[in-house]
Ligand SMILES: C[S@@+](CC[C@H](N)C(=O)[O-])C[C@H]1O[C@@H](n2cnc3c(N)ncnc32)[C@H](O)[C@@H]1O
C-alpha cells in the first residue's frame, strides 16, 4: 500500500506500522489508519475471519456472562458488517439469527438480514417474521452517527438502546438475555429501571476490546422474567 512503511520498530515484535502523512489525507484519517494498522484486534479479526474487531467485544462479554451457548433464536440490531452474527453462529451453528441495519450487510449463512431502520414502526414485526420464533437473545451494537457533541451523541445512542430494550421486553422468551451498547455513565435511569423490572440481573461491562478512549460501555440483562408473570402482578 502506498503511503505506509512497516518494520520501523517500537511496536509488538517490531511490527509497528507507521503511516506517512499523504498530502491529501487529513490528520484524523492518518491517525485512524495508524490505529487500525497497529490494533491487535484488527489483526486478529483478519486472521480469524471476522468481519469486524467488534466481534471480540461480544466474545469477551460472553466469556464474562455466558449467554451464547444456549441461544437458539437471536436478533442482532445494528448487524453490519456482521462480526457479532458470525460470533453467534460460530458459538452455536444451529442458532437462527435475524439482523437489521441501515447499511447493507454481506450474507452470512443462517442469518436473515434486513436492510432497514430499526426505528421504523415496521421493524419489530419484520424481525420476528424473519426469525420465525420469539428470540431468546437480543443483542444491540447500534450506535448513532456521532456529531462530535458528546451530550447529543450520548442521547442518540441511549435512544437506540431504549428502543432496543423495549423490543426485547416485548419479544424475549422467559429466561432470555438482552445486551446493548450504551455510553459512558451507563444506561440512564429510565433504561435501568425498565431493565431491572424485567430481568433478574442487570450489569454493565467494558470488554477489553472496547477502546479505552471510547465512552462506549455495554449493559447485559439476563434472566428475562417474562410478560405474563409481570402482567398478572400489575393487575
Ligand atoms: C458498531 S456497528 C455494528 C458492528 C457489528 N456489531 C459487528 O460486529 O460487525 C453499528 C451499526 O449500527 C447501525 N445502526 C445505527 N443506527 C441504526 C438504526 N436506527 N437502525 C439500524 N441500524 C442502525 C449502523 O449502521 C452500524 O452499522
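Numbering (full-length UniProt numbering), first residue to last: 1 to 235. Here a beta-carbon is modelled for each residue, glycine too, at the ideal position from N, C-alpha and C. These numbers were taken from a predicted model, which means no experiment stands behind them.
Self-check item: Rounded straight-line distance, which links the Cα of residue 46 to that of residue 10
Solution: In the chain shown, the residue the question calls residue 10 occupies position 10. In the chain shown, the residue the question calls residue 46 occupies position 46. No answer about residue 10 holds up, because its pLDDT of 34 lies below 50 and its placement is not dependable.
Exercise. Say yes only if the C-beta of residue 210 is nearer than 7 Å to one or more non-hydrogen atoms of ligand 1, and no if none qualify.
Key: Counted from its first residue, the chain shown places residue 210 at position 210. Because no heavy atom of ligand 1 lies under 7 Å away, the Cβ of residue 210 does not count as near it: no.
Self-check item: Between the CA atoms of residue 144 and residue 156 - distance to the nearest angstrom
Solution: Taking the chain shown and counting its residues from 1, the one referred to as residue 156 is at position 156. Taking the chain shown and counting its residues from 1, the one referred to as residue 144 is at position 144. Roughly 6 Å separates the two Cα atoms.
Quiz item: What does residue 219 pair with, by DSSP beta-bridge criteria?
Solution: What you label residue 219 is simply residue 219 of the chain shown in a count that begins at 1. DSSP output for residue 219 lists 180 and 204 as bridge partner(s).
Quiz item: Hey, would you say residue 74 sits closer than 8 Å to residue 137, going by beta carbons?
Solution: Within the chain shown, residue 74 is the residue found at index 74, counting from 1. Within the chain shown, residue 137 is the residue found at index 137, counting from 1. Yes. Within cutoff.
Quiz item: Is residue 129 helix, strand or coil by DSSP?
Solution: By 1-based counting over the chain shown, the position of residue 129 is 129. DSSP places residue 129 in helix when its eight states are reduced to three.
Quiz item: In terms of alpha-carbon separation, which member of 165, 98 and 152 lies closest to residue 133?
Solution: Counted from its first residue, the chain shown places residue 133 at position 133. Out of 165, 98 and 152, 98 has the C-alpha closest to the C-alpha of residue 133.
Exercise. Note down the Cα distance separating residue 123 from residue 87, rounded to an integer number of angstroms.
Key: For this step, residue 123 is matched to residue 123 along the chain shown. For this step, residue 87 is matched to residue 87 along the chain shown. Near 23 Å, if we compare the C-alpha coordinates of residue 87 and residue 123.
Quiz item: Thinking C-beta only, is residue 90 closer than 8 Å to residue 240?
Solution: Residue 240 lies beyond the residue range present for the chain, which begins at 1 and ends at 235; the question has no answer from this structure.
Quiz item: Around the C-beta of residue 201, are 16 or more other C-beta atoms found within 10 angstroms, so that it is buried, or is it exposed?
Solution: Residue mapping note: residue 201 aligns to position 201 of the chain shown, counting from 1. So residue 201 ends up on the exposed side.
Exercise. Could you tell me the boundaries of the alpha helix (DSSP H) in which residue 262 lies?
Key: What is shown of the chain runs 1 to 235, which leaves residue 262 out entirely.
Self-check item: DSSP state of residue 77 mapped onto helix, strand, coil
Solution: Indexing the chain shown from 1 puts residue 77 at position 77. Looking at residue 77 - three-state DSSP - the assignment turns out to be strand.
Practice problem: Name the residue from 116, 149 and 106 whose alpha carbon lies nearest to the alpha carbon of residue 100. | Solution: On the chain shown, residue 100 is found 100 positions in, with the first residue counted as 1. Nearest C-alpha to residue 100: 116.
Quiz item: To the nearest angstrom, how far is it from the Cα of residue 197 to the Cα of residue 180?
Solution: As a position in the chain shown, residue 197 is number 197, starting the count at 1. As a position in the chain shown, residue 180 is number 180, starting the count at 1. The straight-line gap from Cα to Cα measures roughly 17 Å.
Quiz item: Quick one: what does DSSP say residue 101 is sitting in, helix, strand or coil?
Solution: Sequence index remark: in the chain shown, residue 101 carries index 101 (1-based). Strand at residue 101.
Quiz prompt | Closest residue to residue 106 among 82, 129 and 194 (Cα-Cα distance) | solution = Taking the first residue of the chain shown as position 1, residue 106 is located at position 106. Ranking 82, 129 and 194 by Cα distance to residue 106 puts 82 first.
Quiz prompt | Host beta strand (DSSP E) of residue 112 (start-end) | solution = For the purposes of this step, residue 112 is identified with residue 112 of the chain shown, where counting begins at 1. Per DSSP, residue 112 belongs to the beta strand (DSSP E) from 111 to 115.
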